[in-house]
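Visitor:
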Amino acid sequence: MTFQMLKTEKGKDMLCYDGHIFLKEKENGTKSIWKCNQYYKNKCRGRLHLSKVKILKNTDHNHVPSSSEIQIKKTLNKLKDIASNNSDMSTQSVIGSALNQIPIESSGQLPNINILKRTIQRVHKQKLQLPNDPTDLNFIIPDEMTKIIDENLFLQYDSGINI
Numbered sequence: 001m002t003f004q005m006l007k008t009e010k011g012k013d014m015l016c017y018d019g020h021i022f023l024k025e026k027e028n029g030t031k032s033i034w035k036c037n038q039y040y041k042n043k044c045r046g047r048l049h050l051s052k053v054k055i056l057k058n059t060d061h062n063h064v065p066s067s068s069e070i071q072i073k074k075t076l077n078k079l080k081d082i083a084s085n086n087s088d089m090s091t092q093s094v095i096g097s098a099l100n101q102i103p104i105e106s107s108g109q110l111p112n113i114n115i116l117k118r119t120i121q122r123v124h125k126q127k128l129q130l131p132n133d134p135t136d137l138n139f140i141i142p143d144e145m146t147k148i149i150d151e152n153l154f155l156q157y158d159s160g161i162n163i
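In structure tokens form, the structure reads like this:
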């Protein structure tokens, strides 16, 4: 059975294998140890020992595998990926694109729609890389911030600091 790498909400590596989700616990040069994501919630002792490309050891879990949880994690990763690659897409369009193939039995475990919208808005904002807030009145407005989407000028005239 193969494993799949995903990202957590905070951007850390997450591994899906055999219906379980693992988070990286520790790593040395050639070997990494992954612990079950139910470690804190259910005190699950499931671990996965990996070499670079081969599974060395897989310990037992104290809970059943959850394919719907993996499906939700994949969908949320897909949502963030679509949002970061298509910053011109509306929030609703991103949600529609990401959720169009999710099974109906998994859709009940999705976060609230407002949380999904906020996630997309956060990804869009990170992608824009806005300039830092000015600390005084002597600042320069970047050219890309003086125009709106259709290339019309947003800022018609800058009177400077002597208003």
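The UniProt record's numbering puts the sequence shown at residues 1 to 163. Idealized CB from N, CA, C, for every residue including glycine. Keep in mind that this is a model prediction, so the values were computed, not measured.
In the structure shown, what three-state DSSP assignment does residue 52 receive?
Guide: Locating residue 52 in the sequence shown gives position 52, where the first residue counts as 1. Looking at residue 52 - three-state DSSP - the assignment turns out to be coil, as it is neither helix nor strand.
Visitor: Where does residue 47 sit, in a helix, a strand or coil, going by DSSP?
Guide: Translated into the one-based positions of the sequence shown, residue 47 becomes position 47. Residue state, collapsed to three classes: strand.
Visitor: Over what stretch of residues does the beta strand (DSSP E) that includes residue 21 continue unbroken?
Guide: By 1-based counting over the sequence shown, the position of residue 21 is 21. Start and end: 20-27.
Visitor: So, does the stretch 99-116 touch the stretch 138-155, judging by three or more C-beta pairs under 8 Å?
Guide: No: fewer than three Cβ pairs fall under 8 Å.
Visitor: Please report the straight-line C-alpha distance between residue 168 and residue 135, rounded to a whole angstrom.
Guide: No information on residue 168 is available, as it lies outside the stretch 1 to 163 that the chain covers here.
Visitor: Do you know whose CA, among 40, 2, 96, lies nearest residue 76's CA?
Guide: On the sequence shown, position 76 is the one that residue 76 refers to. Answer by Cα proximity: 96.
Visitor: Could you compute how far the alpha carbon of residue 44 sits from the alpha carbon of residue 152?
Guide: Locating residue 44 in the sequence shown gives position 44, where the first residue counts as 1. Locating residue 152 in the sequence shown gives position 152, where the first residue counts as 1. Looking at the two C-alpha atoms, the distance is approximately 58 Å.
Visitor: CB-CB under 8 Å to residue 7, same chain, minus the five flanking residues each way: which ones, in chain order?
Guide: Taking the sequence shown and counting its residues from 1, the one referred to as residue 7 is at position 7. So the list reads 13, 14, 77, 80, once near-sequence residues are dropped.
Visitor: In whole angstroms, what is the alpha-carbon distance linking residue 105 and residue 50?
Guide: Here residue 105 refers to the residue found at position 105 of the sequence shown. Here residue 50 refers to the residue found at position 50 of the sequence shown. So the two alpha carbons sit approximately 32 Å from each other.
Visitor: Per the DSSP calculation, residue 15 is bridged to which residue(s)?
Guide: Counted from its first residue, the sequence shown places residue 15 at position 15. DSSP, once it has assigned bridges, lists 5, 22 as partnering residue 15.
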